[in-house]
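Reviewing the structure listed below.
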Amino acid sequence: MSVDPGADSTPSPVTPIRGDGPKVSGQNFGDRIYRWTITAFALCIPLLLLLIAVEIGSAGWPTFREHGISFLFLSTWDPNSGQYGVLPAIYGTLISSLLAILLATPLALGVAIFLSEFAPAWLRTPVAFLVDLLAAIPSVIYGLWGIFFLIPLLRDHVAPAIKSLPVIGALPIFAGPAYGNSLLAAVLILTIMILPYTSSVAREVLLAVPRSQREAALALGATRWETIRDAVVPYAKSGIVGGVILGLGRAIGETMAVTMLIGNVAQIKASLFAPAYTMAALIANEFSEASGPHLSALMAVGSALFLITIAVNGIARWLVWRVSREGAA
Amino acid sequence: MKFRSVIVPVTVLGMIVMACGGDPGPGGRRSSVDLTGAGATFPYPIYSRWFSDYARETGVRINYGSLGSGAGIRQVSEQTVDFGATDSPMSDAELADVKGGALLHIPTVVGAVVVTYNLPSITQPLKLSGDAIAGIFLGTITKWNDPAIASINPDVQMPADDILVVHRTDGSGTTYIFSDFLTSANQAWANGPGKGKQINWPVGLGGKGNEGVAGQVKQTPGAIGYTELAYAHQNGLPTALIGNRAGNFVAPTIENIQAAATGVLADLPMDTDFRVSIVNGPGEKAYPISSLTWILLHEVQADSVKGRKLLDFLRWALTKGDQQAAALDYAPLPAPVVERVFQRLDEVKLDGGQ
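Protein chains in written order, with the working numbering: chain A, 15 to 343; chain C, 409 to 762.
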């Protein structure tokens, strides 16, 4: 987890000093203890990950054994009749996170570029602080804000306004009655929640872009916009993608705020106004009263969520690696 | 299951913390948690009152985790707690999996689930029959002025608005009781979604907890949902009069809820295990969406000291404790039933461990 694949491909003038490098013959006893301790600490994290995977996987095993992999592609979730199809929840998880990332990334980039390139020094710190503060708000507070502000707004103003538009209002993504609790509400709340993660990382990498990079572009006659577009952002590209991934991970795993706003109905609808469900919400909602096969099914959903998170992270890592290789070429 | 490995240390830790931090109880008893239980959230308000009153009176301290019926069943089956609590009776399959011998269901109070709605133009309580409610929650009735609703509310001008169904999305005893009633009252519901703590709802939005459902109903004109009585009462929600088996439309009052229990329990065989549903029960006044809630304990108590304490507490709860039930929107068990529960408690064996 801690190894950045990008690090291997980036040419570096300094040969990294490695733990298993040339052995010093008369290694000090204290050094050795230190090394073992640190190694043990480092091993804890992958071990923990393995333990979580094994524990959840074995608890969900009865479901996998009985229904096979098919339960990932069925869409009826009915514990009463022993039907456990999680496709709607998988769809809801992926689509809500993806849409949130699509909305949050330009916003976060805008914030980061403004703060690193344009903001006067006296404005930079307070605005950066306020954006970072968004990350510190508990998700249940986001949920409450969503219930009392966002949902009435969507239901009473946004939805009627969109529906009254010609053509756009008739699109399937805006079909059906709008009760407020919907995929759209969850996407909007997720957008706000992941914004600080992406923007903080992006701001830091943009600030780390050397001055010479900007000066060179300006010296060649580039405008400020061209400097940022062609010299600064490409230099920070891999870091920015890393920030987006961090936000994506947060969006996939977010439970409380989403549960409070998404409407919790296991269905696949094209409409943004229709209620939906996510895997995390499904587990949180049903765990306390579940027993027997139902419990095992929830654990299987947990395993699937775990695998999806790993897969999404893997793909994202690969993206970073590709981006950074392009940057180096 | 695997939970045991987590629950045992956590419970033990909890007990150690309680033992260290607790102030000396009255009567010079040593201050520690004497009994631990876990389970249903539905009766938690009354249980927590009982535990605190009982501790003040006798010094016996009871620690209860309001974790949900499923967790209560799991933990008492694994013997990680001294007693469990549930809103829906355990199935035969669940009972067969219990460790440490047979589990008894001991009813404690009668609770009710109410149907609440948001119709600003209507001031008097709405009347709803089981068929009408089932139709609404099945999605076959979609307008408030549907003849199935309008015909039983002849004095009310029903609006032509769309109905928005709101249901619980988290597994809950409240959903179990509500769907148990619909299963009993309506054939289409029985053939379709059926009863359970988790329902595959044909229509509507899911809210988390009583507050999630009530919040959604309050915010949306035309919405209908169900919550437990105490929640609706304490938050001043409008509640519908429900058509019972005798054909009367009754309000969820303590008297009517108790009547539901009296009607069903009077006919029970002597050897009943109390795993009975009292929804849609007989009786002129019986409120049909009512249910017992149970404490689960082993018939053979492994620890005789704890077992005696538990039995003493239950006898106290069913006599003195029940007097507080009404104030917290639960109905006490009818007196003849209490007598029969006492007989059942007498059969608990305390010498299992020795």
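Where a beta carbon is used, it is the ideal one built from N, C-alpha and C, also for glycine.
* In chain A, what lies closer than 7 Å to residue 736 (chain C) by C-beta? -> Counting from 1 along the second sequence, the entry for residue 736 (chain C) is found at position 328. Chain A residues near residue 736 (chain C): none, gap ~22 Å exceeds 7 Å.
* **Alpha-carbon to alpha-carbon, residue 606 (chain C) and residue 669 (chain C)** => Translated into positions along the second sequence, residue 669 (chain C) becomes position 261. Translated into positions along the second sequence, residue 606 (chain C) becomes position 198. Using only the alpha carbons, I get a separation of about 24 Å.
* Run through DSSP, which three-state label would residue 754 (chain C) get? -> Taking the second sequence and counting its residues from 1, one reaches residue 754 (chain C) at position 346. Of the three classes helix, strand and coil, the one that applies to residue 754 (chain C) here is helix, per DSSP.
* To do: Could you confirm whether any beta carbon from chain A is found closer than 8 Å to the beta carbon of residue 669 (chain C)?
  => Here residue 669 (chain C) refers to the residue found at position 261 when the second sequence is read from its first residue. No, its Cβ sits nowhere closer than 8 Å to a Cβ of chain A.
* **residue 535 (chain C) and residue 644 (chain C) closer than 8 Å at C-beta** => On the second sequence, position 127 is the one that residue 535 (chain C) refers to. On the second sequence, position 236 is the one that residue 644 (chain C) refers to. Cβ distance not < 8 Å, so residue 535 (chain C) and residue 644 (chain C) don't count as in contact.
* Tell me, please, which residues DSSP counts as bridged to residue 616 (chain C). => As a first step, residue 616 (chain C) must be located in the second sequence, where it is residue number 208. According to DSSP, residue 616 (chain C) bridges with nothing at all.
* To do: Mind reading off the beta-carbon distance from residue 189 (chain A) to residue 165 (chain A)? Whole number of angstroms is fine, and I expect it under 8 Å.
  => Walking along the first sequence from the start, residue 189 (chain A) turns up at place 175. Walking along the first sequence from the start, residue 165 (chain A) turns up at place 151. That pair is no contact at about 19 Å.
* Pick helix, strand or coil for residue 284 (chain A), following the three-state DSSP scheme. => Mapped onto the first sequence, residue 284 (chain A) falls at position 270. Correct three-state label for residue 284 (chain A): coil.
* **DSSP-derived helix/strand/coil call for residue 676 (chain C)** => Here residue 676 (chain C) corresponds to residue number 268 of the second sequence, with the count starting at 1. Coil, per DSSP.
* To do: Starting from residue 502 (chain C), find everything on chain A with Cβ-Cβ shorter than 8 Å and list it in chain order.
  => Here residue 502 (chain C) refers to the residue found at position 94 when the second sequence is read from its first residue. Correct list: 305 and 306.
* **Opening and closing residue of the beta strand (DSSP E) in which residue 552 (chain C) lies** => Indexing the second sequence from 1 puts residue 552 (chain C) at position 144. Counting along the chain, residue 552 (chain C) falls outside any beta strand (DSSP E), and DSSP gives it neither H nor E.
* To do: Within its chain, find whatever has a CB closer than 7 Å to the CB of residue 258 (chain A); leave out the 5 residues flanking it on each side and keep chain order.
  => Indexing the first sequence from 1 puts residue 258 (chain A) at position 244. Cβ neighbours of residue 258 (chain A) beyond the five flanking positions: 115, 119 and 212.
* Would you list, in chain order, the members of the region 603-631 of chain C that have their beta-carbon closer than 8 Å to a beta-carbon of chain A? => 603, 604, 605, 606, 607, 608, 609, 612, 613, 614, 615, 616, 620, 623, 624, 627 and 628
* Asked: Identify the residues that DSSP records as bridge partners of residue 591 (chain C): which are they?
  -> Here the question's residue 591 (chain C) lines up with position 183 in the second sequence. None, per the DSSP bridge assignment.
* On the DSSP bridge assignment, give the partners of residue 444 (chain C) in chain order. => For the purposes of this step, residue 444 (chain C) is taken as residue 36 along the second sequence, with counting starting at 1. Answer is C:471, bridged to residue 444 (chain C).
* Quick check: the region 515-533 of chain C against the region 735-743 of chain C, are there 3 or more CB pairs under 8 Å? -> yes
* To do: Decide yes or no for the touch test of the region 260-277 of chain A against the region 173-181 of chain A: beta carbon pairs closer than 8 Å, at least 3 of them.
  => no
* To do: Since I believe residue 295 (chain A) is in contact with residue 322 (chain A) (beta carbons under 8 Å), could you give me their beta-carbon distance rounded to a whole number of angstroms?
  => Counting from 1 along the first sequence, the entry for residue 322 (chain A) is found at position 308. Counting from 1 along the first sequence, the entry for residue 295 (chain A) is found at position 281. The pair is not a contact, with the Cβ atoms about 14 Å apart (cut-off 8 Å).
* Asked: If the cut is a Cβ gap below 8 Å, which residues of chain A does residue 554 (chain C) touch?
  -> By 1-based counting over the second sequence, the position of residue 554 (chain C) is 146. Simply none; closest approach about 17 Å.
* Chain-ordered neighbours of residue 84 (chain A) on chain D, where CB pairs are closer than 7 Å -> The displayed structure is made up of protein chains A and C, and chain D is not among them.
* Asked: Which of helix, strand or coil does DSSP assign to residue 576 (chain C)?
  -> Here residue 576 (chain C) corresponds to residue number 168 of the second sequence, with the count starting at 1. It is a strand residue.
* **Start-end ranges of the beta strand (DSSP E) lying completely within the region 678-733 of chain C, minimum 3 residues** => 698-706
* residue 141 (chain A): which of A:181, A:214 and A:185 sits nearest, CA to CA? -> On the first sequence, position 127 is the one that residue 141 (chain A) refers to. Checking every option, the nearest Cα to that of residue 141 (chain A) belongs to A:214.
* **Proximal chain C residues relative to residue 211 (chain A), where beta-carbon distance stays under 9 Å** => Working through the first sequence from its first residue, we reach residue 211 (chain A) at position 197. Simply none; closest approach about 25 Å.
* To do: Step through the CB atoms of chain A and report whether any lies within less than 8 Å of the CB of residue 578 (chain C).
  => In the second sequence, residue 578 (chain C) corresponds to position 170, counting from 1. Chain A contact via Cβ: present.
* **Proximal residues of chain A, C-beta to C-beta of residue 764 (chain C) below 9 Å** => Outside the displayed range of chain C (409 to 762) lies residue 764 (chain C), so it cannot be described from this structure.
* To do: Given a cut-off of 8 Å, decide if residue 490 (chain C) and residue 447 (chain C) are closer than it, judged by their beta-carbon atoms.
  => As a position in the second sequence, residue 447 (chain C) is number 39, starting the count at 1. As a position in the second sequence, residue 490 (chain C) is number 82, starting the count at 1. Contact: no.
* Asked: So what's residue 291 (chain A) in DSSP terms, helix, strand or just coil?
  -> The residue given as residue 291 (chain A) occupies position 277 in the first sequence. If DSSP states are grouped into helix, strand and coil, residue 291 (chain A) belongs with coil.
* **C-beta contact flag for residue 453 (chain C) and residue 735 (chain C) at 8 Å** => In the second sequence, counting from the first residue as 1, residue 453 (chain C) sits at position 45. In the second sequence, counting from the first residue as 1, residue 735 (chain C) sits at position 327. Cβ distance not < 8 Å, so residue 453 (chain C) and residue 735 (chain C) don't count as in contact.
* Asked: Can you find a CB in chain A that lies within less than 8 Å of the CB of residue 464 (chain C)?
  -> Residue 464 (chain C) sits at position 56 when you count from the first residue of the second sequence. Chain A, which has no Cβ nearer than 8 Å to the Cβ of residue 464 (chain C), makes this no.
* Contact check, residue 603 (chain C) vs residue 584 (chain C) under 8 Å by CB: the rounded distance? -> Within the second sequence, residue 603 (chain C) is the residue found at index 195, counting from 1. Within the second sequence, residue 584 (chain C) is the residue found at index 176, counting from 1. The Cβ separation is near 7 Å, so the contact holds.
* Candidates A:70, A:105, A:72 and A:133: which alpha carbon is nearest residue 86 (chain A)'s? -> Counting from one through the first sequence, the residue named residue 86 (chain A) turns up at place 72. The residue with the shortest Cα to Cα distance from residue 86 (chain A) is A:105.
* Asked: What do you get for residue 66 (chain A), buried or exposed, if any count of 16 or more other CB atoms within 10 angstroms of its CB means buried?
  -> Counted from its first residue, the first sequence places residue 66 (chain A) at position 52. Exposed: under 16 other Cβ atoms inside 10 Å.
* Name the chain C residues that come within less than 9 Å of residue 161 (chain A), Cβ to Cβ? -> Locating residue 161 (chain A) in the first sequence gives position 147, where the first residue counts as 1. 620, 623, 624 and 627, listed in chain order.
* Are the beta-carbon atoms belonging to residue 570 (chain C) and residue 630 (chain C) less than 8 Å from one another? -> Here the question's residue 570 (chain C) lines up with position 162 in the second sequence. Here the question's residue 630 (chain C) lines up with position 222 in the second sequence. For residue 570 (chain C) and residue 630 (chain C), yes; Cβs fall inside 8 Å.
* Where does residue 495 (chain C) fall in DSSP's three states? -> Start at 1 with the first residue of the second sequence, and residue 495 (chain C) comes out as number 87. Of the three classes helix, strand and coil, the one that applies to residue 495 (chain C) here is coil, per DSSP.
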